[in-house]
Amino acid sequence: MERQIRLTTEDRRAILKETGLTDGALSLALTFRRHGEQSERARQLAFERGGMVYCTAPECETIHDVEGKMVQTFTNGAVITVDKASGEATLVYDGKLIATYHNVTLQMLSLIQATASELK
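Structural data, given as structure tokens:
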């Protein structure tokens, strides 16, 4: 899952002027790929100007069934099945078990989803 602070063009220009960052450096700061005092300041200014964090996740179909399982099917055919009671997840691609995960957290699920969406 990728995070990004979205701003209007006018707000971006104002932050560029106030911080002295280049457009590329500001983009890295607003996508949380650069950390440092200037990047932190740029994010703080973005929030002060009404910027909001948006998260993007790989597209998939998600079904929650009565047995307590969540099944996510991705456009490339990868399937993640999570047993919500045990916290165990499996990743299957092309009919083959790729990986099994135990005690899956939401943060881990994001990484598993990214892995599933990138399989070819």
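Numbers 969 to 1088, taken from my numbering, label the letters of the sequence shown in order. Note that CB positions come from ideal geometry on N, CA and C, so glycine has one too.
Three-state secondary structure (DSSP) of residue 991 | When DSSP states are grouped into helix, strand and coil, residue 991 belongs to the helix group.
Along the chain, which unbroken stretches of the beta strand (DSSP E) at least 3 residues long are found entirely within the segment 1023-1062?
-> DSSP assignment within the segment 1023-1062 yields the following whole beta strand (DSSP E) runs of 3 residues or more, N-terminal first: 1028-1032, 1037-1042, 1047-1051, 1056-1061.
Between residue 970 and residue 1024, is the Cβ-Cβ spacing less than 8 angstroms?
-> Taking C-beta atoms as the reference points, residue 970 and residue 1024 count as a pair closer than 8 angstroms.
Where does residue 980 fall in DSSP's three states?
-> Here residue 980 carries a helix assignment [DSSP, helix/strand/coil].
Helix or strand or just coil, what does DSSP make of residue 985?
-> If DSSP states are grouped into helix, strand and coil, residue 985 belongs with the helices.
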